[in-house]
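Chemist:
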Amino acid sequence: MKSNLLKKILQLMSVMMLASLITFSLTYISPSDPAEMLLTAHDIVPTQELLERTREEMGLNDPFIMQYGNWLKDLLRGDFGYSYFTRGLVTDILPQRIFMTVRLAVASLLFLIFFSFVLGILSAVKKNTVLDYIVRGLSLMGISIPAFWLGLMLMYVFVVELRWFKITQQTSLKSVILPAMTLAIPLMGRYIRQIREAILEQYSQDYVIGARARGIKESKIIIKHILPNALLGIVTLLGLSIASLLGGTVIVENIFSWPGLGSMALEAITYRDYPLLQSYVVFMTLIYVTINFIVDIITQTLDPRISLKGGEKVSEK
């Protein structure tokens, strides 16, 4: 167990190192001059003499490996550099953006988990009934609807026509409902179908038939016996969804003017704000590898036969 955990941690560290190298390399070979962009962002006319001096101060004349080493060393110390666009420390920008994205992601997950499990269980229990067909039809619509169109329609109906919400007040609780629904509804379609199939697969197992024969209530069979066994595949899918939501969805955040990580990444790309963009990529990589590691541990806890190494099942002795 400890050996597998250590190997997994080493793999995650390798992924982080590779991601940081690729991120720095892409900005290194980009045609834009960071020195010129920095001076322009501070409203300074970039003369040739000033550009040369700025490049020297920024270490841009050093070999690639030295530049990467200095950047990585600063990164490990928590120094993400200065944003060209906002003219402030990246470490001052990230916490607020992360907080807004986490807030939106948590709200989306609450919608997603509640409605997916309720509708998925109902669809499985009422298999091949009118209710099942309705739920399956709604889930198919959820998968098919583009997020940008759904967001615009929700905004038109609930903001413009009904005036129930205001998208300019991100501090209020109501402001998070529409963007959270826009993120959750397309995901619900997949989760409802996944939960339905997982429950139906468990319905034919011998332990369910035996539980019914002993007179155990159907609701108790579902909650205490079927759901724990059906959760295994759903946990992996949920982990990927959490990572995606924490990464910030650019389209949804821009539709609702939500100041999260997704909109920050778009601004960094638009203004070629390399320090901010590099920090976003590194942070996102850290989120994905961390959540992947946590999902592996949870999966093994739910089913001890699964080894952390490669997700393969090991035989019970």
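In this text, residue positions in the sequence shown follow full-length UniProt numbering: the first is 1, and each later residue adds one. Even for Gly, the Cβ is constructed at its ideal location relative to N, Cα and C. Model, not experiment: these values are computed from the prediction.
Closest to A230 by CA distance: which of I216, Q194, M264 and I251 is it?
Modeler: When only C-alpha atoms are compared, the closest one is Q194.
Chemist: For a quick check, are the C-beta atoms of residue 338 and Q202 less than 8 Å apart?
Modeler: Shown here, the chain extends from 1 to 317; a query on residue 338 therefore has no answer.
Chemist: Ordered along the chain, which non-local residues of its own chain (more than five positions away) have a Cβ less than 7 Å from that of G310?
Modeler: With a pLDDT of only 47 at G310, under the threshold of 50, the placement of this residue in the model should not be trusted; the figure read from the coordinates follows. No residues qualify anywhere along the chain.
Chemist: Buried or exposed, going by whether 16 or more other CB atoms sit within 10 Å of the CB of M17?
Modeler: Classification for M17: exposed.
Chemist: Please name the residue or residues paired with L89 in a DSSP beta bridge.
Modeler: Partner(s): Y82.
Chemist: In whole angstroms, what separates the C-alpha of D62 from that of I269?
Modeler: Distance between the alpha carbons of D62 and I269 is about 25 Å.
Chemist: With a threshold of 16 other CB atoms inside 10 Å of the CB of R196, please say whether the residue is buried or exposed.
Modeler: R196 comes out buried.
Chemist: Pull up the distance between the alpha-carbon of A35 and that of I297, whole angstroms please.
Modeler: So the alpha carbons of these two residues sit roughly 45 Å apart.
Chemist: Measure the alpha-carbon distance for R53 versus S25 and round it to whole angstroms.
Modeler: Cα to Cα, the separation comes out at about 23 Å.
Chemist: Please state whether the Cβ-Cβ distance between F256 and G151 is less than 8 Å.
Modeler: Yes.
Chemist: Identify which residue in G210, L261 and Y274 has its Cα closest to the Cα of A105.
Modeler: Here the closest residue by C-alpha is L261.
Chemist: How many angstroms separate the CA atom of E161 from the CA atom of M153?
Modeler: Approximately 11 Å, taken between the alpha carbons.
Chemist: Are there 16 or more other CB atoms within 10 angstroms of the CB of D273, so buried, or fewer, so exposed?
Modeler: Classification for D273: buried.
Chemist: Since Y191 and G120 should fall inside the 8 Å C-beta cutoff, what is the C-beta to C-beta distance between them, to a whole number of angstroms?
Modeler: Going by Cβ atoms, the distance from Y191 to G120 rounds to 7 Å, so yes, they are a contact pair.
Chemist: Once you ignore the five residues that flank I251 on each side, which residues in its own chain have a CB closer than 7 Å to its CB?
Modeler: Correct list, in chain order: A147 and F148.
Chemist: Quick one: Cα of L178 to Cα of F158, how far?
Modeler: Using only the alpha carbons, I get a separation of about 8 Å.
Chemist: My output table needs one value for Q205: the three-state DSSP class, helix, strand or coil.
Modeler: In the structure shown, Q205 sits in coil (DSSP, three-state: anything other than H, G, I, E or B).
Chemist: For A180, I'd like the list of residues in its chain whose CB is within less than 7 Å of its CB, leaving aside the five on either flank, ordered along the chain.
Modeler: Taken in chain order, the residues that qualify are L104, A107, S108 and F111.
Chemist: How far does the alpha helix (DSSP H) with L152 in it reach, from first residue to last?
Modeler: Looking at the DSSP string, the run of the alpha helix (DSSP H) that includes L152 is A147 to M155.
Chemist: By DSSP, does residue 335 sit in helix, in strand, or in coil?
Modeler: Outside the displayed span of the chain (1 to 317) sits residue 335, for which this structure offers no information.
Chemist: Where L232 and G210 are concerned, what is the direct C-alpha to C-alpha distance, given to the nearest angstrom?
Modeler: Approximately 22 Å between the Cα atoms of the pair.
Chemist: Check for me: the alpha helix (DSSP H) holding N229 runs from which residue to which?
Modeler: N229 -> alpha helix (DSSP H) spans L227 to L246.
Chemist: Taking the alpha-carbon positions, what's the I65 to G59 distance?
Modeler: In a straight line, the C-alpha of I65 is about 12 Å away from that of G59.
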